[in-house]
């Protein structure tokens, strides 16, 4: 499928090998991994960053294969999940930095176009999360709201 806001064609990337079950070299048990995930979240790491730390420092290639649950599901069970989904939070952070840039450089039309595309992505993602009932129906993206939620 083609990209939405670029002239690039498809998505060519590496994929995880199709394996099932726990790898032989992992010494951690299911409950140990869940406590590690919660501990890393309390250290202010995002879910994606937690997965990278578990892979690189602990030798756990996939939390889902061992525990049967995603990192986000583990965090929700332990009431440590953030109120906004991580992908939406990252887009809101990017939008704030672009807004700050636009405040200083009002004639930068290339960045203005990029900001329009970014806000379009945010609106589409919010629409999806409202449909899936992850966000409340009255939730709306504004610059002021993004400042309070992200920072």
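Numbering (the numbering used here), first residue to last: 1 to 151.
Glycine is no exception: its CB is placed at the ideal position from the N, C-alpha and C atoms.
Test item: CB-CB of residue 84 and residue 98 under 8 Å: Residue 84 sits at position 84 when you count from the first residue of the chain shown. Residue 98 sits at position 98 when you count from the first residue of the chain shown. With respect to the 8 Å criterion, residue 84 and residue 98 are not classified as neighbours on the basis of their beta carbons.
Coarse secondary structure for residue 133, derived from DSSP in three states: Stepping through the chain shown from its first residue, residue 133 is reached at position 133. Residue state, collapsed to three classes: coil.
Collapsed DSSP secondary structure at residue 71 in the structure displayed: As a first step, residue 71 must be located in the chain shown, where it is residue number 71. DSSP places residue 71 in helix when its eight states are reduced to three.
Continuous alpha helix (DSSP H) stretch holding residue 39: start and end: The residue you call residue 39 lines up with position 39 of the chain shown. For residue 39, the uninterrupted alpha helix (DSSP H) run begins and ends at 30-42, by DSSP.
Buried or exposed by the 16-neighbour rule on C-beta atoms within 10 Å, applied to residue 1: Here residue 1 refers to the residue found at position 1 of the chain shown. Residue placement at residue 1 cannot be trusted, given a pLDDT of 48 that sits under 50; what the coordinates show is reported in the next sentence. Exposed is the call here.
Cut-off 8 Å between Cβ atoms - residues of its own chain near residue 153, not counting five sequence neighbours on either side: Past the boundaries of the shown model lies residue 153; the chain is included only from 1 to 151, so the question cannot be answered.
Alpha-carbon spacing of residue 135 relative to residue 60, whole angstroms: Walking along the chain shown from the start, residue 135 turns up at place 135. Walking along the chain shown from the start, residue 60 turns up at place 60. Roughly 31 Å separates the two Cα atoms.
For residue 78, the three-state DSSP class (helix, strand or coil): As a working mapping, residue 78 is identified with position 78 in the chain shown. It is coil, neither helix nor strand.
Within-8 Å CB hit, residue 57 to chain E: Looking at the structure shown, chain E is missing, and only one protein chain is on hand.
Where the alpha helix (DSSP H) through residue 105 begins and ends: In the chain shown, counting from the first residue as 1, residue 105 sits at position 105. No alpha helix (DSSP H) holds residue 105; DSSP gives it neither H nor E.
Residue 51 classed as buried or exposed, judged by whether at least 16 other C-beta atoms fall within 10 angstroms: In the chain shown, the residue the question calls residue 51 occupies position 51. So residue 51 counts as buried.
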